[in-house]
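Order-wise, the sequence lines are chains A and B. Following the working numbering, the numbering of the first sequence begins with 208 at its first residue and continues without gaps. Following the working numbering, the numbering of the second sequence begins with 15 at its first residue and continues without gaps. Even glycine gets a Cβ: it sits at the ideal position worked out from N, Cα and C. Model, not experiment: these values are computed from the prediction. Shown next, in structure tokens, is the structure this report addresses.
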Amino acid sequence: MSEDVRRVLYIQTNGVDEPERSATPFHLASAAASMDMEVGIYFTVNGPTLLKRGVAETISPKRNGGAPLTRFINQARECGVKFYVCTASLDLNDLKLEELIDGVELLGAAAFNDMAVEADQVISF
Amino acid sequence: MAVLDHVDQTLDCQGLLCPIPVVKTNKKIKEMAIGQTLLMLATDPGSMPDMTAWAKQTGQELVGSEQQGKLFKFYIRKAK
Chain A
208 MSEDVRRVLY
218 IQTNGVDEPE
228 RSATPFHLAS
238 AAASMDMEVG
248 IYFTVNGPTL
258 LKRGVAETIS
268 PKRNGGAPLT
278 RFINQARECG
288 VKFYVCTASL
298 DLNDLKLEEL
308 IDGVELLGAA
318 AFNDMAVEAD
328 QVISF
Chain B
15 MAVLDHVDQT
25 LDCQGLLCPI
35 PVVKTNKKIK
45 EMAIGQTLLM
55 LATDPGSMPD
65 MTAWAKQTGQ
75 ELVGSEQQGK
85 LFKFYIRKAK
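Now the structure itself:
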């Protein structure tokens, strides 16, 4: 319709302790990016634990034999979804950026709020 | 909606679940030329509202669709 790019920002607060809540933001973000929207996921509170290298292979949103979270992450990536991590939440989870999967950008509180007000929609999980 | 008898390309998404048909359709349409028509086949039960929303947001033209049992057929013209 419009030539203006629409922006959607998802917020993932859930981490490895709640695997059934791990995949949905990646899933919705993949669809949004495939609708030519500019899409990001901001990982805060426990969300950064999903991005620790080696973790996504070991968890699945479906308890009995579902696809690993890695599949959802890779799909979002291939669709062009950007991943941002809250600097304070890295510390909260005793993580460092180097321990996360590649391609995650650090985003502080001011930068996050700027991104949020510029987005057409912010959706929190 | 009218159903076309001429298509330039076909994309088979039967058996694939949401959001894969949308993801694959968007990739495929980007490889095609403006004015060409894509036939996309899907069995995902939510694909009718999904493809309608996809076309609305991307500006591509859903020129026709039909349902045969569990099979959905979408005719999409690359408009831009």
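Hey, residue i and residue j are a contact pair by Cβ (cut 8 Å); roughly how many whole angstroms apart?
i, j, result
"D327/A", "R214/A", "5 Å"
"C286/A", "S237/A", "5 Å"
"T46/B", "K92/B", "Checking the sequence shown, residue 46/B turns out to be Met, not Thr. The Cβ separation is near 5 Å, so the contact holds."
"G78/B", "Y89/B", "4 Å"
"L257/A", "Q219/A", "7 Å"
"I266/A", "P226/A", "4 Å"
"Y249/A", "L216/A", "6 Å"
"L52/B", "K42/B", "6 Å"
"Q23/B", "M242/A", "About 20 Å separates the two Cβ atoms, so there is no contact after all."
So residue i contacts chain A; which residues on that side make the cut at Cβ distance below 7 Å?
i, result
"T72/B", "M242, D243"
Counting only Cβ pairs nearer than 9 Å, list the residues of chain B close to residue i.
i, result
"Q282/A", "P33, I34, V37"
Please work out which residues of its chain come closer than 8 Å, Cβ to Cβ, to residue i, disregarding the five sequence neighbours upstream and downstream, and give them in chain order.
i, result
"G60/B", "C32"
"Q28/B", "L55, A56, T57, L85"
"E306/A", "K259, R260"
Tell me which residues share the same chain as residue i and place their Cβ nearer than 6 Å to its Cβ, disregarding the 5 neighbours each side in the sequence.
i, result
"K289/A", "G247"
"Q282/A", "S237"
"G315/A", "T294"
"L297/A", "P255"
"I48/B", "K92"
Along the chain, where does the alpha helix (DSSP H) that runs through residue i open and close?
i, result
"D22/B", "Per DSSP, D22/B belongs to no alpha helix (DSSP H) and is neither H nor E."
"V324/A", "316 to 325"
"L297/A", "294 to 299"
"R278/A", "276 to 285"
"I43/B", "34 to 45"
"Q71/B", "61 to 72"
"L52/B", "Segment 51 to 56 is the beta strand (DSSP E) holding L52/B; no alpha helix (DSSP H) there."
Apart from the five residues on each side of it in sequence, which residues of its chain come closer than 7 Å, Cβ to Cβ, to residue i?
i, result
"S209/A", "Summary for S209/A: the model assigns pLDDT 47, below 50, so the residue's position carries little reliability, and this model does not support an answer."
How is the beta strand (DSSP E) around residue i delimited, first residue to last?
i, result
"S79/B", "75 to 82"
**Request:** Compile a chain-ordered list of the residues in the segment 237 to 250 of chain A whose CB is closer than 9 Å to at least one CB of chain B.
**Result:** For the segment 237 to 250 of chain A, the set of residues with a beta-carbon nearer than 9 Å to any beta-carbon of chain B comprises S237, A238, A239, A240, S241, M242, D243, M244, in chain order.
**Prompt:** Which residues, in order along the segment 15 to 33 of chain B, keep a beta-carbon less than 9 Å from a beta-carbon of chain A?
**Reply:** Taking 9 Å as the cut-off between beta carbons, the residues of the segment 15 to 33 of chain B near chain A are C32, P33, in sequence order.
**Item:** Under 9 Å (Cβ pairs) to chain B, residues found in the segment 284 to 309 of chain A
**Value:** Along the segment 284 to 309 of chain A, the positions whose C-beta sits under 9 Å from a C-beta of chain B are E285, C286, read in chain order.
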